[in-house]
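Undergrad: Would you mind keeping the following structure in view while I ask a few things?
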Amino acid sequence: MAKTWIYAASAAAIGGALIGGWLLDPAPPEAPPQARQSPAAQAVAAPAAALAATATATADATRMLAPAPVAAPAPRERVTLWQGELRSREGAQGIPEYLAQVEPALLDTLALGQVLEMSLPGRERPLQARLASTHNSAGLPVWRGGLVDGDEAESLTVVRGSLETHINVATLDGSYSIIVDNRSGKTRVIDENDIAARSDPHGDHVDAPLAELPPMPPPAQG
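Printed below as a string of structure tokens:
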């Protein structure tokens, strides 16, 4: 009977030691998600991660290399198309043509409120006109305005074609027809007073009556 109790006590002691050792032995750390994946899944995920990293680096480099947006320059408030005394030559039917030179790029920057300045035959000071409205006519941009410090009846009209720009000026002293070559900037100015004088060369010179000129032929198109 005593041996039986000894065997039982020994077995209990050995079992307790085993259980205690199992409880004291720390559990192995949990494997990271990548480790739990199968080799095939890891092989697929690695290239995808590399591509994503490459795309991010490329996007960052593109943002660094892209030029900053440049704001368009504001239109000039005053534009001098030409100035000084105009050279004249005999035109069709003996009517004088006055020659000027325009910087072609100036006609590409017309804007509402802009003042155009030009010298005209028979006027002591350059003419100034402010653009007040714009619209399209037969597919061509048209600008209209009045003379600065001028009479309400005085006006300026600009018609922009692809090859030529036509400008009509009506003043209390007479009217002018102006044709500008858009490519070269060469300009011809015709004083309607010269046409009136040509129609009656033997009579006293009389200024052409104030009237807006009839529309010139449409500007030449390409």
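Under the working numbering, think of the first position of the sequence shown as 210, with each following residue one higher. Ideal Cβ placement from N, Cα and C applies to all residues, glycine included. The structure presented is a predicted model; accordingly, all values stated were derived computationally and were not measured.
1. Quick check on the burial criterion: 16 or more other C-beta atoms within 10 angstroms. Buried or exposed for SER384?
2. Hey, VAL351 and THR374 are a contact pair by Cβ (cut 8 Å); roughly how many whole angstroms apart?
3. Buried or exposed: ALA309, going by 16 or more other Cβ atoms within 10 Å of its Cβ?
4. What does the alpha-carbon distance come out to for the pair ARG369 and SER408?
5. At 4 residues or longer, and completely inside the segment 345-420: list those alpha helix (DSSP H) runs for me, N to C.
6. Let me know the secondary structure DSSP gives ALA320 once reduced to three states.
7. DSSP three-state call for GLN302: helix, strand or coil?
8. How would you label LEU227, buried or exposed, when you count the other beta carbons within 10 angstroms and need 16 or more for buried?
9. Using C-beta distances below 6 Å, list every residue in its chain close to LEU319, excluding the 5 sequence neighbours before and after it, in chain order.
10. Taking C-alpha atoms, which residue in SER342, ALA379, SER346 and HIS344 lies nearest to ASP360?
11. Helix, strand or coil for LEU315? Go by DSSP, reduced to three states.
TA: Well, looking at it:
1. buried
2. The pair is not a contact, with the Cβ atoms about 11 Å apart (cut-off 8 Å).
3. buried
4. If you draw a straight line from the Cα of ARG369 to the Cα of SER408, it comes to about 30 Å.
5. 401-408
6. coil
7. helix
8. A caution first: LEU227 carries a pLDDT of 45, below 50, which makes its placement in the model too unreliable to give a value.
9. TRP352
10. Looking at SER342, ALA379, SER346 and HIS344, the one whose alpha-carbon comes closest to that of ASP360 is ALA379.
11. helix
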